[in-house]
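Peer 1: Numbering (the UniProt record's numbering), first residue to last: 1 to 435.
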Amino acid sequence: MSLAGLKKQLNKANQSIREKIGGAEATKLDDDFLEMEKKIDTMDELSIELITKTKEYLQPNPASRARLAAQNQFSKIRGQARTTQYPQPEGTLGDCMMKYGRELSEGSVSSEYGEALGEMGETLKQMAEVKYNLDATVKQNYLDPLQQLHEKDIKEVLHHRKKLQGRRLDYDCKKRQKEKGSAGSKVSDDDLRSAMEKFEESKELAENGMYNLLESDVEQISQLQTLANSMLEYHQQSTELMEQLCSKLQSRVDDASSRPRAHHRPKKVTEDLLDHYNGTDSTDAPPAYASISAKGSRHSPRSPSHSPFHSPYASPHASPRHSPRASPSNSPFHSPVATPSDFPIQDFSTFEGHLAPPTPPRQRPHSPTHHQPAQQPCCKALYDFEPENEGELGFQEGDLITLTNKIDENWFEGTVKGQSGFFPVNYVEVVVPLL
């Protein structure tokens with residue numbers, strides 16, 4: 001800086017101190033100019049706040065924003081063009097639902113809840129993609145123009161205002177020195193006129209710049225409209241996705257509500273051993289039993305299940321081992337007292353230190369006392385029935401039930417084992433119908 005320039009800066013500083021402390025009078029500007037200065041200051045603060053708050057709206061998590069900015073900065077330093085995307089919360093939640101939904105749906109036991117989780121997770125992933133599109137659209141059509149307004153247009157106006165302030169101080173300093181005529185002052189009329197002209201020129205540039213910036217309402221409102229349209233499109237697409245999801249979930253709720261509730265009987269650990277003792281092998285089970293064991297019966301609303309210790313080939317004329325009276329609960333392995341007739345005589349010397357399974361009991365002649373007299377209305381239980389409500393009659397597969405009344409087309413009334421009550425028609429087979 002030259003000596004003249006340094007002296008000029010000292011004069012400006014001196015004038016500024018005199019105005020603030022000494023009460024020196026400064027050249028006043030018109031009210032319209034001062035009003036425009038206030039509005040430009042407001043726009044400067046507004047642009048900064050809008051940029052910050054819009055980014056917070058698009059990317060709410062401050063920690064993720066900071067980590068993302070650091071990663072992108074490191075990529076630029078290393079010369080890599082990779083850009084890391086902000087982790088949208090919808091996408092994070094969707095990944096979680098899809099992961100555990102798959103785990104619940106895997107295996108032989110399917111889960112409607114797991115499939116519903118997968119559908120909702122997929123929808124949330126689609127919403128995350130819509131949010132990424134919103135992020136890109138807002139950045140391109142709103143944030144970038146706003147950033148340009150702040151860094152270029154407003155910055156240029158503020159530069160003209162700063163230059164105007166310096167020339168005003170220079171003009172006021174020379175005018176004060178000229179008016180006082182202090183000793184050693186060499187301010188001529190030409191110097192004062194030159195300072196005044198520069199001051200007027202700077203005022204005109206600053207005022208025109210502020211006016212043009214304040215009159216750009218159409219452009220700024222258009223950018224605001226672009227932001228609103230982008231947000232509207234995002235919410236419309238999200239609403240459409242959520243409506244489709246709610247419809248699918250409602251269909252799943254209806255299907256699950258109308259599906260008969262399966263009757264689950266826990267499988268005993270010793271079931272295979274008991275089958276072996278009873279003379280059957282689970283691996284040689286007939287197809288009917290295998291299908292019932294795997295999927296459960298669907299012949300009735302309550303899905304009655306066959307007893308695992310009862311052969312599906314049991315009939316009223318079967319041997320005592322397969323008859324309703326020869327159930328596992330009456331076998332020697334389930335009763336605390338076993339009759340000698342249940343164990344046929346056999347040689348145990350061929351077994352090494354353990355008791356071999358007994359041979360099946362001897363066939364006993366079919367006795368009509370096993371069933372109710374043919375003249376009395378009765379029916380035979382096809383499945384186990386466990387009462388769930390008061391007044392219902394419970395029985396097991398193969399029981400012979402005496403019929404006393406038919407309530408309606410779906411319910412019978414009868415007695416078995418000294419108990420009476422109601423039971424569903426589709427659980428039994430009528431042997432002797434009601435008169």
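The beta carbon of each residue, even a glycine, is placed where N, CA and C say it ideally should be.
Whose C-beta lies closer than 7 Å to the C-beta of LEU149 among residues of the same chain, with five residues either side of it excluded?
Peer 2: Result list for LEU149: SER47, in chain order.
Peer 1: Excluding sequence positions up to five away, which residues of its chain have a Cβ less than 8 Å from the Cβ of ASP44?
Peer 2: Around ASP44: HIS150, ILE154 and LEU158.
Peer 1: By Cβ distance below 8 Å, which residues in the same chain neighbour MET97 in space, the five residues on each side in sequence not counted?
Peer 2: LEU117, GLY118, MET120, GLY121 and LEU124, listed in sequence order.
Peer 1: Am I right that LEU403 and LEU434 are in contact with their C-beta atoms under 8 Å? What's the rounded C-beta distance?
Peer 2: Contact flag correct, Cβ pair sits at about 5 Å.
Peer 1: Go to PRO145, then tell me how far its alpha helix (DSSP H) extends in each direction, as first and last residue.
Peer 2: Segment 144-148, the alpha helix (DSSP H) holding PRO145.
Peer 1: Which residue comes first and which comes last in the beta strand (DSSP E) that contains LYS406?
Peer 2: Start and end: 400-406.
Peer 1: Cα-Cα, which of GLY394, SER216, GLU392 and ILE401 is closest to PRO377?
Peer 2: Nearest C-alpha to PRO377: ILE401.
Peer 1: Kindly indicate the opening and closing residues of the beta strand (DSSP E) around VAL431.
Peer 2: VAL431 -> beta strand (DSSP E) spans 428-432.
Peer 1: From this set, LYS163, THR54 and GLN126, which residue's C-alpha is nearest LYS12's C-alpha?
Peer 2: Checked all of LYS163, THR54 and GLN126; the closest Cα to LYS12 is LYS163.
Peer 1: Pairs of beta-carbons, one from the stretch 220-237 and one from the stretch 189-207, closer than 8 Å: are there three or more?
Peer 2: The stretch 220-237 is not in contact with the stretch 189-207.
Peer 1: Out of ILE40, ASP31, SER75 and GLU386, which has the shortest C-alpha to C-alpha gap to ASN212?
Peer 2: Checking every option, the nearest Cα to that of ASN212 belongs to ILE40.
Peer 1: Can you give me the start and stop residues for the beta strand (DSSP E) that PHE422 sits inside?
Peer 2: Element bounds for PHE422: 419-424.
Peer 1: So, using beta-carbon positions, are GLY101 and ALA128 closer together than 8 Å?
Peer 2: Going by C-beta atoms, GLY101 is not nearer than 8 Å to ALA128.
Peer 1: ALA381 bridges to which residues according to DSSP?
Peer 2: Answer is VAL428, bridged to ALA381.
Peer 1: For my contact list, SER202 and HIS160 are in at a C-beta cut-off of 8 Å; report their separation, rounded to the angstrom.
Peer 2: Right, the Cβ-Cβ distance comes to about 7 Å (below 8 Å), so this counts as a contact.
Peer 1: Measure from the alpha carbon of GLU409 to the alpha carbon of each residue in GLY398, PHE422, VAL416 and ASP172, then state which is nearest.
Peer 2: When only C-alpha atoms are compared, the closest one is PHE422.
Peer 1: Could you have a look at GLY79 and say whether DSSP puts it in helix, strand or coil?
Peer 2: Coil, per DSSP.
Peer 1: Alpha helix (DSSP H) containing THR92: first to last residue?
Peer 2: Start and end: 89-105.
Peer 1: Evaluate LEU227 with the Cβ neighbour count: other Cβ atoms within 10 Å of its Cβ, from every protein chain shown; 16 or more gives buried, anything less gives exposed.
Peer 2: Its Cβ being crowded by 16 or more others within 10 Å, LEU227 is buried.
Peer 1: With DSSP run on the structure shown, which of helix, strand or coil describes VAL157?
Peer 2: If DSSP states are grouped into helix, strand and coil, VAL157 belongs with the helices.
Peer 1: Between the C-alpha atoms of LEU143 and GLU56, what's the straight-line distance to the nearest angstrom?
Peer 2: Distance between the alpha carbons of LEU143 and GLU56 is about 12 Å.
Peer 1: Take VAL428 and list the residues in its own chain whose beta-carbon comes closer than 8 Å to its own, dropping the five residues that flank it on each side.
Peer 2: Result list for VAL428: CYS379, LYS380, ALA381, LEU382, ILE401 and PHE412, in chain order.
Peer 1: Where does THR415 fall in DSSP's three states?
Peer 2: Strand.
Peer 1: From ARG18 to ARG168, what does the alpha carbon distance come to, in whole angstroms?
Peer 2: Their Cα atoms are separated by approximately 14 Å.
Peer 1: What residue from PRO145, SER105 and LEU104 has the CA that sits closest to GLN220's CA?
Peer 2: The residue with the shortest Cα to Cα distance from GLN220 is PRO145.
Peer 1: Tell me which same chain residues have a C-beta within less than 7 Å of the C-beta of GLN126, skipping the five on either side of it?
Peer 2: Answer for GLN126: LEU241, listed in chain order.
Peer 1: Pick from ARG67, PRO87 and ILE51: whose alpha carbon is nearest that of GLN223?
Peer 2: For GLN223, the nearest C-alpha among the options comes from ILE51.
Peer 1: The alpha helix (DSSP H) with LYS186 in it runs from where to where?
Peer 2: Taken as a continuous stretch (DSSP letters only), LYS186 belongs to no alpha helix (DSSP H), as it is neither H nor E.
Peer 1: With DSSP run on the structure shown, which of helix, strand or coil describes GLU201?
Peer 2: Helix at GLU201.
Peer 1: Which of the three DSSP states, helix, strand or coil, is assigned to GLU388?
Peer 2: Coil, per DSSP.
Peer 1: Using DSSP bridges, identify the partner residues of PHE395.
Peer 2: DSSP lists PHE385 as partners of PHE395.
Peer 1: For ALA294, collect the residues of the same chain with a Cβ closer than 7 Å to its Cβ; drop the 5 residues on either side in sequence, then sort them by chain order.
Peer 2: With a pLDDT of only 36 at ALA294, under the threshold of 50, the placement of this residue in the model should not be trusted; the figure read from the coordinates follows. Here the set comprises nothing.
Peer 1: Please classify residue 438: does DSSP put it in a helix, a strand, or coil?
Peer 2: Coverage of the chain is limited to positions 1 through 435, which leaves residue 438 absent and any answer about it impossible.
Peer 1: Between the C-alpha atoms of TYR113 and ASN405, what's the straight-line distance to the nearest angstrom?
Peer 2: If you take the alpha carbons of TYR113 and ASN405, they lie about 43 Å apart.
Peer 1: Mark PHE385 as exposed unless 16 or more other C-beta atoms lie within 10 angstroms of its C-beta, in which case mark it buried.
Peer 2: Its Cβ being crowded by 16 or more others within 10 Å, PHE385 is buried.
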